[in-house]
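**Q** Please see the structure below; I have some questions.
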Amino acid sequence: MVEFGCTTGLFAANTSNTDNSISTDGNSSVPNLNLLMYVATSMGLSLLFSCWIFFRATGAAFNPPLRFVLYTISQLLASIAACAVLQALLPGPLVVSTTLGAGTTAAQGLFIEVFITCALVLSVLFLAVEKHKATFLAPVGIGITLFAGHLFALVYTGAGMNTARSFGPAVVAGFSSEHWIYWIGPTLGSLLAVAIYAFMKLFKYWKLSEGQDTDIPSKSPELFTPAGPRETDLEKNEVSGQNMPQRVYWPAESSGVEHRKDHSPKSHETEMAGMV
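Going by this note's numbering, the letters in the sequence shown line up with residues 3 to 278, in that order.
The following block contains the structure:
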């Protein structure tokens with residue numbers, strides 16, 4: 003139920019700002035750049051905010067290629083509900099269906115949907131599923147990926163990237179002859195992304211660039227540290243038993259200021275006792 007409600011709100015926000023029929027200027031093949039930026043930005047920001055708000059409640063899937071069975075049913079029903087609500091609330095016909103652009107063949111549209119969906123699912127797998135210090139920023143990366151996908155594919159395929167996003171408007175406004183592309187394309191794209199993810203996990207990709215999430219100052223390249231003597235020894239944390247980085251002091255030789263070299267809690271207690 004939570005997934006149904008969240009996805010309904012997301013698709014209502016997304017589809018209310020989407021109009022594929024005017025993705026080009028008149029009869030020209032040149033895209034309407036203002037509309038392109040408007041739709042891509044609204045889609046990217048809608049997903050960004052929705053993921054950030056509901057990530058802890060449902061995992062913020064919002065996309066059938068990311069989940070199956072119960073989640074998929076909820077998302078498809080939510081897409082239909084969102085489009086029905088918009089058709090009742092907004093004046094004029096509901097023109098939000100994903101269709102192929104002028105000059106785009108079915109094969110081209112299929113492969114475009116495969117690749118942009120693959121990019122979106124990969125962003126979810128590596129930014130949200132893989133846990134790291136920037137996991138809390140995963141919605142930003144996922145939203146930017148959706149934004150980039152729309153900038154590239156909106157003119158050619160409407161940038162479906164999501165079976166539910168294409169299915170709901172089709173139920174309300176009518177199915178087109180190329181609707182099958184928006185089922186097969188995202189499905190193949192998600193499978194391709196999972197295959198890439200599994201392949202990289204199999205060969206332990208994290209060993210190619212170790213220490214990306216470290217807090218230890220000595221792990222920083224010398225190129226990015228000031229020149230001169232420094233102390234980067236680690237001291238043992240007596241409470242947790244973990245190695246914690248020691249504060250780095252930079253001696254000011256020209257000023258004649260002396261810096262303490264022993265910064266451990268025990269040495270501080272000894273100094274205080276001597277003062278007393």
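Glycine residues also receive a C-beta, built at the ideal position from the N, C-alpha and C atoms. All values derive from a computational prediction rather than experimental measurement.
Grouping DSSP H, G and I as helix and E and B as strand, with all else coil, what is L194?
**A** helix
**Q** Ordered along the chain, which non-local residues of its own chain (more than five positions away) have a Cβ less than 6 angstroms from that of S81?
**A** F13, A166, F169 and G170
**Q** Where E180 and S99 are concerned, what is the direct C-alpha to C-alpha distance, given to the nearest angstrom?
**A** 11 angstroms
**Q** In whole angstroms, what separates the C-alpha of L148 from that of L122?
**A** 6 angstroms
**Q** Do the region 122-140 and the region 189-198 meet, that is, are 3 or more Cβ pairs less than 8 angstroms apart?
**A** yes
**Q** Taking 8 angstroms as the threshold, find out whether the region 86-106 comes into contact with the region 128-135 through three or more Cβ pairs.
**A** no
**Q** Check for me: the alpha helix (DSSP H) holding G94 runs from which residue to which?
**A** Note, G94: premise wrong, no alpha helix (DSSP H); not H, not E.
**Q** Among the residues of its own chain, which have a CB less than 7 angstroms from the CB of G151, if the five just before and after it don't count?
**A** I118, A121, L122, A161 and M163
**Q** According to DSSP, is A80 helix, strand or coil?
**A** Taken through DSSP and simplified to helix, strand or coil, A80 comes out as helix.
**Q** Rounded to a whole number of angstroms, what is the C-alpha to C-alpha distance between G176 and L91?
**A** 18 angstroms
**Q** How about T74 and E115: are their beta carbons less than 7 angstroms apart?
**A** no
**Q** Out of curiosity, what's the CA-to-CA distance linking L153 and I146?
**A** 10 angstroms
**Q** Given a cut-off of 7 angstroms, decide if L50 and P188 are closer than it, judged by their beta-carbon atoms.
**A** no
**Q** Between which residues of its own chain and G191 is the CB-CB distance below 6 angstroms, once the five residues before and five after are set aside?
**A** V116, T119 and C120
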